[in-house]
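Everything in the sequence shown is counted per the working numbering, starting at 5 for the first residue and increasing by one.
Note that CB positions come from ideal geometry on N, CA and C, so glycine has one too.
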Amino acid sequence: MCPRPKNHKEQGSPSWLDRPENVRKTIRAFYGLCILIILSDLVFSLGWHKHAALSADSSLHIFETLPAFYGIVGFVGCAALVIISKLMRGWKGKNLLMREEDYWEK
5 MCPRPKNHKE
15 QGSPSWLDRP
25 ENVRKTIRAF
35 YGLCILIILS
45 DLVFSLGWHK
55 HAALSADSSL
65 HIFETLPAFY
75 GIVGFVGCAA
85 LVIISKLMRG
95 WKGKNLLMRE
105 EDYWEK
């Protein structure tokens with residue numbers, strides 16, 4: 005018979021993420037990283053366009069030169085995918101793609 009493995013509570017040494025102040029520090033670090041990425045994107049977007057070097061005669065739409073355009077388009081696209089998938093799962097009480105729990109047992 006194998007001995008029962010001890011978890012952190014039995015050992016008395018909590019993990020570093022068990023402390024609320026460490027969780028707050030980690031979340032603040034992620035927010036700081038997001039702000040840093042957004043600021044760098046704004047700085048580089050105001051200086052030059054990311055895809056302007058692909059061809060000299062390429063025409064850019066005016067909205068493509070806006071700062072953070074591609075980030076906003078990506079976010080809207082991901083949000084639209086989530087909303088569309090929720091609608092496909094069930095629309096007005098009808099299951100479009102989702103089957104009942106006991107579908108294979110019938």
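Annotated three-state conformation of Gly78 is helix, per DSSP. Our two residues, Ser44 and Leu37, have alpha carbons roughly 11 Å apart in a direct line.
The criterion of a C-beta distance shorter than 9 Å is satisfied by Leu21 and Thr30.
9 Å or more divides the Cβ of Ala83 from the Cβ of Ile42. Only residues of its own chain outside the window of five on either side were considered, and among them Met92, Arg93 have a CB closer than 7 Å to the CB of Leu101, listed in chain order.
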